[in-house]
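Chains as they are written, first to last, in this note's numbering: chain A, 1 to 77; chain B, 1001 to 1239.
In what follows, a single structure is set out as structure tokens and then discussed.
Shown next as structure tokens:
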């Protein structure tokens, strides 16, 4: 089990890999993983009755942005 | 494109779909094609089995890596190795997420990830005429009957069965699986064959560099060039 510190270091190392092939692939997959987790979390939050405003605050974006991105996938609870 | 497939290659695709449905997956990936191929009766399937890629082994690997049921699709097309380079263990992430969210939430999220854009009935420019779904299903059935005359092949079976409701209706190919079928066409053209056979699908699957298939090959203790050479050799003798 990696500690948080070690994990951060590992991320920095991979993302900062001097081999562009390794580094770029890693970044792309990391982005895909984040997207999946975001969908999962937003759906969960909506099903618990959270408002788009509340979700947007936590994600650090505007409520219009998060609504435009997720309304089709998530819809009304 | 399927009209250029031999009956054997069509069987591979049909079996892949049946396997995906049985495992509760809402997508047909290259790994399902490999499973459908390994269980077939084609010479290419015999070569795969000689190299340890039996249907039982492939199914075991798929279930171990992706899991059963609709939630399996959420992380399945991510590259495990690329993520491990930056210190993220995808298996650990999946286990955590499964433990805290139920399989229901995972299934919904996975469906959202693999969702195709839906046409809005509210937008007049993209309005869906009434009974379009019914007409489309009928046309598909007619085309399928033309492509596969005669009795239907036996359903593909296996050890695992996803719990709960199995996906019904059309199961889409993943982009990677579509690419495999295109590469199969290219393999057939390169060999000057008029039709796409199971061997061309096998060659294109084995040549894949990302996704689950190379991992399954590695787990079976074999390498892509060895299997490719064996398949080419088998068909050269036959032809």
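In this text, a Cβ means the ideal position worked out from N, Cα and C, and glycines have one as well.
Since the model is a prediction, treat every value here as computed from it, not as a measurement.
For residue i, go through chain B and note every residue whose CB falls closer than 8 Å to its CB, in chain order.
i                     : result
residue 43 of chain A : 1105, 1108, 1109 and 1112
By alpha-carbon positions, which one of the options ends up nearest to residue i?
i                       : options                           : result
residue 1069 of chain B : B:1162, B:1198, B:1017 and B:1210 : B:1162
residue 1016 of chain B : B:1220, B:1003, B:1217 and B:1205 : B:1205
residue 1191 of chain B : B:1209, B:1130, B:1142 and B:1236 : B:1236
residue 1032 of chain B : B:1172, B:1182, B:1185 and B:1221 : B:1172
residue 1257 of chain B : A:19, A:34, A:43 and A:23         : Past the edges of chain B, shown from 1001 to 1239, lies residue 1257 of chain B, and the structure says nothing about it.
residue 1164 of chain B : B:1182, B:1107 and B:1200         : B:1107
residue 35 of chain A   : B:1211, B:1174, B:1077 and B:1133 : B:1077
residue 986 of chain B  : B:1021, B:1175, B:1029 and B:1006 : There is no way to answer for residue 986 of chain B, as the model of chain B reaches only from 1001 to 1239.
residue 61 of chain A   : A:38, A:48, A:49 and A:74         : A:38
residue 1044 of chain B : B:1218, B:1201, B:1225 and B:1158 : B:1201
residue 1040 of chain B : B:1226, B:1090, B:1010 and B:1133 : B:1010
residue 1029 of chain B : B:1228, B:1215, B:1088 and B:1178 : B:1178
residue 1203 of chain B : B:1228, B:1109, B:1181 and B:1218 : B:1228
What residues of chain A sit near residue i, judged by a beta carbon separation below 8 Å?
i                       : result
residue 1083 of chain B : 26, 29, 30 and 33
residue 1101 of chain B : 40 and 44
residue 1074 of chain B : 36 and 40
residue 1097 of chain B : 37 and 40
What are the residues that DSSP puts in a beta bridge with residue i?
i                       : result
residue 1196 of chain B : B:1005
residue 1173 of chain B : B:1028
Could you tell me which chain B residues have their CB closer than 9 Å to the CB of residue i, listed as they occur along the chain?
i                     : result
residue 66 of chain A : In chain order: nothing, as chain B lies at least about 14 Å away.
Which residues in chain B have a C-beta closer than 7 Å to the C-beta of residue i? List them in chain order.
i                     : result
residue 22 of chain A : 1085
Can you pull the chain A neighbours of residue i, defined as C-beta to C-beta under 7 Å?
i                       : result
residue 1078 of chain B : 29, 32 and 33
For this session: Give, in chain order, every residue of the segment 29 to 57 of chain A whose Cβ lies closer than 7 Å to some Cβ of chain B.
Result: 29, 30, 32, 33, 36, 39, 40, 43 and 44
*Using 8 Å as the Cβ pair cut-off and three pairs as the minimum, do the segment 1055 to 1066 of chain B and the segment 1225 to 1234 of chain B touch?*
no
I'd like to know if the segment 1020 to 1032 of chain B and the segment 1192 to 1203 of chain B are in contact, where contact means that at least 3 CB-CB pairs between them fall below 8 Å. no
With contact counted as at least three CB pairs below 8 Å, one residue from each stretch, are the segment 1076 to 1090 of chain B and the segment 24 to 33 of chain A in contact? yes
**Asked** Are three or more beta carbon pairs between the segment 67 to 74 of chain A and the segment 42 to 56 of chain A nearer than 8 Å?
**Response** yes
For this session: Indicate whether the contact test is met: 3 or more Cβ pairs, each with one atom in the segment 1046 to 1055 of chain B and one in the segment 1173 to 1186 of chain B, closer than 8 Å.
Result: no
At a cut of 8 Å, does the segment 1173 to 1180 of chain B reach the segment 1203 to 1222 of chain B through at least three beta carbon pairs? yes
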